[in-house]
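Worksheet: one structure, shown below.
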Amino acid sequence: MPCFRSYKAALIVICLHIFPCAGCTGNIQNQADNRHIQLADDLGRKNIDQAIQRSLDYLQARPEHTLFRLTGEEVPATKLIRTLQTFRKILDKNLSAEEFQKEINKQFVFFQAPGMESLPTFGEMLVTGYYQPVVEGSLQKKAPYLFPLYSPPPDLLVEVSKSTGKKKISRFDGPHLTPYWTRQDIDARGKAAGSEMVWLKNPLDVFFLHVQGSGLVRLRDGSIRGVHYAINNGRPYRSIGKFMVKTHRMSIQNASMKTIRTYLTNHPDERDQILFTNPSYIFFTWTKTHGAIGNIGQELTPGRSIAVDQKVFPAGALAFLLTKEPVIAHNTLISWKPVHRFVLVQDSGSAIQGTGRVDLFQGAGKEAGLAAGAMKEKGALYFLLVREENARPVLSPETAHHEK
392 MPCFRSYKAA
402 LIVICLHIFP
412 CAGCTGNIQN
422 QADNRHIQLA
432 DDLGRKNIDQ
442 AIQRSLDYLQ
452 ARPEHTLFRL
462 TGEEVPATKL
472 IRTLQTFRKI
482 LDKNLSAEEF
492 QKEINKQFVF
502 FQAPGMESLP
512 TFGEMLVTGY
522 YQPVVEGSLQ
532 KKAPYLFPLY
542 SPPPDLLVEV
552 SKSTGKKKIS
562 RFDGPHLTPY
572 WTRQDIDARG
582 KAAGSEMVWL
592 KNPLDVFFLH
602 VQGSGLVRLR
612 DGSIRGVHYA
622 INNGRPYRSI
632 GKFMVKTHRM
642 SIQNASMKTI
652 RTYLTNHPDE
662 RDQILFTNPS
672 YIFFTWTKTH
682 GAIGNIGQEL
692 TPGRSIAVDQ
702 KVFPAGALAF
712 LLTKEPVIAH
722 NTLISWKPVH
732 RFVLVQDSGS
742 AIQGTGRVDL
752 FQGAGKEAGL
762 AAGAMKEKGA
772 LYFLLVREEN
782 ARPVLSPETA
792 HHEK
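Residue 392 is where the sequence shown starts when you use my numbering, and the numbers rise one by one after that.
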């Protein structure tokens, strides 16, 4: 992973002053003075409409009384829906930048994500990137296609807690339940044999597909099929990058997805030892679309979809992200640019835990991978909720699709 870079976004002035404002909604903590956040979106209106609609499709399919968490408080799905619908109506007015800023400040309350507990500044987030890899594969095991992706094995058992909704993954060991097999068990001892769905050329392609959670497989006949996360083995995710830094294989300043992969390629005798330090394992399913699918069941939108910990932040929600991202040209990182844009919570990840992590989806392919691999930036994340006095009846999904 890359080192932290200074967070200096041009045209962005952030006041972290937290205050009780008139017309604020509920008792949610961390209400932020959005008058001091410049809301000019660095992407303009690019892809925002489809990202909003995908969040609406998800939220409007939830039961009417569904509640989500936001900084320790409950937010009803209906409020998230009204927020998105109100925001889209403002976009449709094609206001000037000044008018847009005033209208957003009038209609919404901002709530700042608390940030990483390990960092001294309130609201300071660690922002990384992820992408959809494109790899070579075969439906038959035939050299050089020797490294499988697995579908969920039949001996993998899933128990869902009625009180918390959390999943417990296990297997039977005789009459007793025991934790499911580790990465080493599966890859070195063949404990998932029989559940292979496709074979890849490179074990590192397999591993980094696990990290990204979805990808595209170009088969030998030239056709392309999508694969997507189905379930994991229930084991904790452990960063191999942290392990490689801790064992002095690389410095934290030089650590990135690219340098990690290069090291593992150049040291094949160490590869399995390093990979097996992460016991977590991902099982996949085929998708009907070539687009990456988030955990809310909707296709991800490059530059707009983010992954966060949905135990603390609401799925489908509208937010405003401040950070930096790489500029890639001809497969080379040429510069960095400020990010100040509206984003949607549409995914989660094993490594994205707590109130201080956000992962920005960069798209598919090599350049997206280079951008994602370089990102490890400081940033800030603000969630928007419509003010109560601006609430209106929730439209049906059919009406919402055609309300423009």
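Ideal placement from N, C-alpha and C gives every residue a C-beta, glycine not left out.
Handout entry: Candidates Lys-702, Ile-665, Val-749 and His-456, of which the one nearest Gly-694 by Cα
Key = Comparing Cα-Cα distances from Gly-694 to each of Lys-702, Ile-665, Val-749 and His-456, the minimum goes to Val-749.
**Message:** I'd like the list of long-range same chain contacts for Asp-546, defined as Cβ closer than 6 Å, with 5 residues on each side in sequence excluded.
**Reply:** Arg-562.
* Identity of the residue in Asn-669, Pro-594 and Thr-569 nearest Pro-659 by Cα -> Taking only the C-alpha atoms, the option nearest Pro-659 is Pro-594.
**Q.** Expected contact under 8 Å - CB spacing of Ser-671 and Ser-741 to nearest Å
**A.** Under the criterion of beta carbons closer than 8 Å, Ser-671 and Ser-741 qualify as touching, at roughly 6 Å.
Taking the Cβ atom as the reference point for each residue, do Leu-430 and Leu-475 lie within a distance shorter than 8 Å? With respect to Leu-475, Leu-430 sits apart: the two C-beta atoms are not nearer than 8 Å.
Ignore the nearest five residues each way along the sequence and tell me which others in Ser-509's own chain have a CB closer than 8 Å to its CB. Excluding sequence positions up to five before and after Ser-509, its CB lies within less than 8 Å of the CB of Gly-747, all in the same chain and listed in chain order.
inquiry  = Could you check whether Ile-697 and Phe-752 sit closer than 8 Å to each other, using their CB atoms as the reference points?
reply    = Here Phe-752 is near Ile-697, since their CB atoms are less than 8 Å apart.
Kindly list the residues whose CB is nearer than 6 Å to the CB of Lys-532, restricted to its own chain and excluding five residues on each side of it in sequence; keep chain order. Excluding the 5 residues flanking it on each side, Lys-532 has same chain C-beta neighbours closer than 6 Å at Trp-590, in chain order.
**Asked** Met-766 lies in the beta strand (DSSP E); which residues open and close that run?
**Response** It is not in any beta strand (DSSP E) - Met-766 carries neither H nor E in the DSSP assignment.
Q) Cα-Cα, which of Thr-555, Ile-665 and Ala-468 is closest to Pro-454? A) Among Thr-555, Ile-665 and Ala-468, the Cα nearest to that of Pro-454 belongs to Ala-468.
_Let's see if you can read the secondary structure: which residues bound the beta strand (DSSP E) around Pro-659?_
If you look at Pro-659, you'll find it isn't in any beta strand (DSSP E); it sits in the alpha helix (DSSP H) that goes 659-666.
query = Run through DSSP, which three-state label would Met-641 get?
reply = Shown here, Met-641 sits in coil according to DSSP, grouped into three states, outside any helix or strand.
- Taking the alpha helix (DSSP H) that Lys-557 falls in, what are its first and last residues? No alpha helix (DSSP H) holds Lys-557; DSSP gives it neither H nor E.
Problem - Whether Thr-680 touches Ala-621 by CB criterion (8 Å) - result: No, Cβ-Cβ distance for Thr-680 and Ala-621 is not below 8 Å.
In angstroms with no decimal places, state the Cα-to-Cα distance between Leu-761 and Leu-712. Cα to Cα, Leu-761 sits roughly 20 Å from Leu-712.
Bridge partners of Thr-653, per DSSP?
-> For Thr-653, DSSP assigns no beta-bridge partner whatsoever.
(message) Measuring alpha carbon to alpha carbon, tell me which residue in Leu-530, Lys-767 and Lys-493 is nearest Val-608.
(response) Out of Leu-530, Lys-767 and Lys-493, Leu-530 has the C-alpha closest to the C-alpha of Val-608.
In chain order, each beta strand (DSSP E) run of at least 3 residues that lies wholly inside the stretch 458-525: Within the stretch 458-525, the complete beta strand (DSSP E) runs of at least 3 residues fall at 458-461, 464-467, 499-503 and 516-523.
For Phe-634, which residues does DSSP report across the bridge?
Partner(s): none; Phe-634 has no beta bridge.
| With DSSP run on the structure shown, which of helix, strand or coil describes Ala-579? | Ala-579: helix per DSSP, three-state reduction.
Inter-stretch contact at 8 Å, needing at least 3 Cβ pairs: the stretch 579-587 / the stretch 540-559:
Contact holds: three or more Cβ-Cβ distances are below 8 Å.
Exposed or buried, Val-551, counting other C-beta atoms within 10 Å across all chains shown (16 or more means buried)?
-> Val-551 counts as exposed, since fewer than 16 other beta carbons sit within 10 angstroms of its beta carbon.
**Prompt:** Between which two residues does the beta strand (DSSP E) containing Pro-539 stretch?
**Reply:** Note, Pro-539: beta strand (DSSP E), 538-541.
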